Amino acid sequence: HTFADDVTELLEEEGVAVGAHDRVSPEPGAGLDHGDEVVVRYGRPVTLTLDGVRHRVWTTADTVAGALREFGIRAEGAHLSAARSTRIARTGLALTVRTERTLTFMADGQERTLRTNAATVQEALAEAGITLHGQDTTSVAPASFPRDGQTISVMRITDTREVREETVPYAVERSEDPALFRGTEVIERAGRNGVRRVTYAVRTVNGVRQKPRRTAEELVHLPESRVVRTGT
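The sequence shown lines up with residues 4 to 235 when you count with our numbering.
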C-alpha cells in the first residue's frame, strides 16, 4: 500500500534510486491507480566487441540473448564468447560477437565463397581448405579481421636467386705527345673490359615474374684502361 500520487513519489518512498541507464515502467511522473505495478529495469554495462570493433554500451536485459535482441545483433551463425543464456549482473560483462560473414577467396585460378564467423583471414583460409606455403600470402594481412563481402586474393610466391656476369667498360686514358703529328693517335694499350658478377633476388607472384632486385655483387676481373697518345 502507498500514499504516493505518482511513480516518482513511489520510488522516493521506497528508496529506489534510478540512474540514467535504468528504465522505469510506467515512466517517472506518471500517475498511479489502485493495482498499478511499477517495474524498474536496471541498466547493465556491456563491453561489446562486435566484429573486431569495441563498444561500451548499456542494456536493461539480464541475459546475453536479451541484450543481443536489444542491440539488434543477428546472432544466427555468430560466434559468441558467452552462451546466450548467460546472466548479466548489475556490474555488467564483456561480450565478443563475431557475426557470420560472406567471404570470397581467389586462389589457384579458382573462386571460393564461404560463410564464416572466423576471427582472422588465416582462420577463414583454413575453413576454405586453402593452405599457404613458404612465402605465400594474401592481398590483406592474414591476421586481419575479415569483413562481410570481402574478396581476398591468395598470392603464391616463389623466391629464387639468379647470378649474372655483367661487363664493366674500360676507361680511356689520353695523353698529348708532341713527337706525333697533330691529329695522329697511337694506341699504346687496347684496353679490356672487366667482369662483374651480380646476384639478383627474383620473385614470382602467381606465375608472374617481378622485377629482379640486386642483392650482391663482386668484381671478377678488373677492367684495363685503353691508353692513347695524341699528337699536338
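Glycine included, C-beta positions come from ideal geometry on N, C-alpha and C.
Computed from a prediction, not measured in an experiment: that's the story for all the values here.
Residue environment analysis places Ile190 among the exposed positions, since fewer than 16 neighbouring C-beta atoms fall within 10 angstroms of its C-beta. In terms of Cβ geometry, Asp25 and Gly46 form a close pair [threshold 8 Å].
Proximity of the segment 220 to 230 to the segment 190 to 200 meets the contact definition, three or more beta-carbon pairs being nearer than 8 Å. Within the segment 118 to 158, the complete alpha helix (DSSP H) segments of 4 residues or longer fall at 124 to 130, listed in chain order.
Membership of Arg72 in the alpha helix (DSSP H) is indicated by the continuous run Val67 to Phe74. With respect to the 8 Å criterion, Ser156 and Ser147 are not classified as neighbours on the basis of their beta carbons. Of the other Cβ atoms in all chains shown, fewer than 16 fall within 10 Å of the Cβ of Pro172; this residue is therefore exposed. The Cβ atoms of Arg59 and His82 lie no closer than 8 Å to each other.
Rounded to the nearest angstrom, the Cβ distance from Ala204 to Arg216 is 5 Å, consistent with a contact under 8 Å.
Per the DSSP secondary-structure output, Arg164 pairs in a beta bridge with Ala204. By the criterion of at least three beta-carbon pairs nearer than 8 Å, the segment 84 to 100 is in contact with the segment 65 to 74. Assignment of Arg77 by DSSP, reduced to helix, strand and coil, places it in the coil class.
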